[in-house]
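Chemist: Quick one: this structure, given as structure tokens, is what I'll be asking you about.
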Ligand SMILES: [Zn+2]
């Protein structure tokens with residue numbers, strides 16, 4: 027939107043406020059604290075709705091959208107001291123890793139042929155399979171992982187132990 031023929035920060039601000047349905051604020055002679063809190067809440071709601079819409083329509087985030095429901099900072103990002111483990115988990119959660127499901131996509135291999143090369147299950151090598159792959163039986167024992175459900179481990183079961191377990195799985199495969 028142009029303001030006096032210019033595309034600048036004030037024209038962007040006016041456009042943003044209008045799009046939020048709060049253009050009446052700009053018609054006032056003085057802006058009250060309740061106006062700014064209303065605007066802040068409305069812009070936050072719009073951002074979260076767009077965030078969710080974009081995530082749901084993104085095919086690559088097939089796993090992420092199964093367990094990520096709120097646009098909030100994940101505690102593991104602050105609580106995991108091991109930087110490499112933290113990066114590994116972030117990549118795991120967002121499918122930015124080298125499991126077969128992704129490397130196969132890079133080489134145009136059909137999904138049903140992106141199977142795990144570390145066990146004899148013929149399972150598709152994706153995030154859910156990594157958590158149950160027989161190749162990592164010893165690691166599951168070492169870290170006492172009894173519930174291997176992806177959604178559980180990425181939500182209520184996500185703690186330092188889970189992060190270290192998944193990091194160790196990737197290290198065992200040599201694909202950190
Ligand atoms: Zn496997």
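Residue numbers (our numbering): 27 to 202.
From the three backbone atoms N, C-alpha and C, an ideal C-beta is built for every residue, glycine too.
Because the structure is a prediction, the values reported are computed rather than measured.
Among 69, 121, 64, 179, whose alpha-carbon lies nearest the alpha-carbon of residue 42?
Modeler: The option with the nearest alpha carbon to residue 42 is 69.
Chemist: Specify whether the region 185-198 and the region 106-124 touch according to this definition: at least 3 beta carbon pairs, one from each stretch, less than 8 Å apart.
Modeler: Yes: the two stretches touch, three or more of their Cβ pairs being nearer than 8 Å.
Chemist: Let me know the secondary structure DSSP gives residue 169 once reduced to three states.
Modeler: Residue state, collapsed to three classes: coil.
Chemist: By Cβ distance, which residues of its chain are closer than 7 Å to residue 74, with the 5 residues on each side in sequence left out?
Modeler: So the qualifying residues of the chain are 97.
Chemist: Taking residue 185 as the reference, give the member of 95, 160, 115 with the closest Cα.
Modeler: The shortest C-alpha separation from residue 185 is found at 115.
Chemist: Return yes when the C-beta of residue 145 is under 8 Å from any heavy atom of ligand 1, and no when it is not.
Modeler: For ligand 1, at least one heavy atom lies less than 8 Å from the Cβ of residue 145.
Chemist: Is the region 87-94 close to the region 169-180, with three or more CB pairs under 8 Å?
Modeler: Yes, the region 87-94 is in contact with the region 169-180.
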